[in-house]
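Data first, discussion second: the structure below is written as structure tokens.
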Amino acid sequence: SIRTSSFSLIILGQSYGEQPSIFSEILSKLPSNYIRHCGFVESKSDYEKLLMEGDVVVSTAQHEFFGVAMLEACRAGCIPIVPDRLVYPEIYTNEQYRYRTKTQLLNKLKEYCLKPDYLRNKVDKQDTFQFEWDKNELIRQQYLQL
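The following block contains the structure:
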């Protein structure tokens, strides 16, 4: 419950077209002190700073080819929670990051909100090295061979 845990939300991203109603529900139902940021950030450095403030990044995507924003958040240190479908099982091979139902998603979020120290110290971070162009000579060479 909100009363027994301390958390804040950083909702990042640009809105294209119609925005799901859940966003307006969140903004209307949660006290404003729970919303750290909501919406698009112009500056890349401000975007990266907000990512580094996070502990968890959640995807509820219905359609995703790769999930760059999720990997950016993981690279900044966030623990991913992703649906067990689309491209995610290939990238997030550790099942602890995935959910199959809304109930599983909610349970993971509750657990992490109630045990932030466990989340920060015990849960393995997602390895993003294979996607880091600037640090990974192998991936650059593989790309050049395409």
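Numbering (our numbering), first residue to last: 352 to 497. C-beta atoms are modelled at their ideal positions from N, C-alpha and C, and glycine is treated no differently. Remember, predicted model here, so these are calculated numbers, not experimental data.
- Note on geometry: alpha-carbon atoms of residue 430 and residue 386 lie some 19 Å from one another.
- Sequence-distant partners of residue 437 (beyond 5 residues in either direction) whose C-beta falls short of 6 Å from its own C-beta, in its chain, are 415.
- The C-alpha of residue 383 lies about 21 Å from the C-alpha of residue 403.
- Under the three-state reduction of DSSP, residue 387 is assigned to strand.
- Rounded to whole angstroms, residue 359 and residue 407 show a C-alpha spacing of 11 Å.
- Between the alpha carbons of residue 462 and residue 489 lies a distance of about 37 Å.
- Runs of alpha helix (DSSP H) with 4 or more residues, each lying fully within the region 401-438, are found at 419-426, listed in chain order.
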